[in-house]
Amino acid sequence: MQRSSETIGTIAAALAKAQALLINPEKSLIGTIRSEGSGVGRAFRYAPLSSGLDIVRKTLSQHEIATVQTTSIDETAGIVRLSTVLAHASGVMDRLRLAGLPHHGDGRPSSHGCGADLCPSLCSVHVGWYCRRG
7 MQRSSETIGT IAAALAKAQA LLINPEKSLI GTIRSEGSGV GRAFRYAPLS
57 SGLDIVRKTL SQHEIATVQT TSIDETAGIV RLSTVLAHAS GVMDRLRLAG
107 LPHHGDGRPS SHGCGADLCP SLCSVHVGWY CRRG
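Pasting the structure below:
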């Protein structure tokens, strides 16, 4: 697959317009972090991942931007690599790559709590704020 179009002006302009419309999702859920020793908890509000994904998908599609994500496993490095392609209706595309995430090879979550099957969904949130090009 081609890494990205020679010029990305069209998709960059569409992303700039879409980015201006992105809003933070409503923090509709409450979580608690408990101290191990005392058992005392500290409450915090947070937004569900699905709310953020809904906002990003709707905003990108209004500006004719689609996302396609693929993962691959680098067994030598022990990581899952995630690539995201932003494609514009004009045919312009740009490929983004996030740093690899630890992979255990047995389906169990990595040490930072992200299983390989969840990582593509998490990356979708970052696309709205434009991942670094790689």
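Those letters in the sequence shown? Residues 7 to 140, per the working numbering, in order.
Ideal Cβ placement from N, Cα and C applies to all residues, glycine included.
Applying the 10 Å Cβ sphere with the 16-neighbour rule, what's the burial state of residue i?
i: V86; result: buried
i: S89; result: buried
i: L171; result: Not covered by the structure: residue 171. The range shown for the chain is 7 to 140.
i: D100; result: buried
Of the residues the options, which one's Cα is nearest the Cα of residue i?
i: I36; options: A26, I79, P54; result: P54
i: P31; options: L107, A18, V62; result: V62
i: L66; options: G15, Y52, A22; result: A22
i: I29; options: T38, K64, E42; result: K64
i: I71; options: A24, G15, S11; result: A24
i: K33; options: S11, G58, A26; result: G58
i: T76; options: A83, L92, T82; result: L92
i: E81; options: P108, S11, H94; result: P108
i: H94; options: S78, V74, A83, G106; result: V74
i: A20; options: Q68, I79, A83, S11; result: Q68
i: T13; options: S96, G106, R103; result: S96
i: I79; options: R48, D60, G106; result: G106
Quick one: grab the DSSP three-state call for residue i.
i: V86; result: strand
i: T65; result: helix
i: T38; result: strand
i: A72; result: strand
i: H14; result: First, the residue type needs correcting, since residue 14 is Ile and not His in the sequence shown. Coil at I14, not helix or strand.
i: S78; result: strand
i: A49; result: strand
i: G43; result: coil
i: A26; result: helix
i: A20; result: helix
i: G106; result: strand
Please look up how many angstroms separate the CB atoms of residue i and residue j, rounded, as I've assumed it's under 8 Å.
i: I17; j: V98; result: 5 Å
List the DSSP bridge partners of residue i.
i: V91; result: V74, R101
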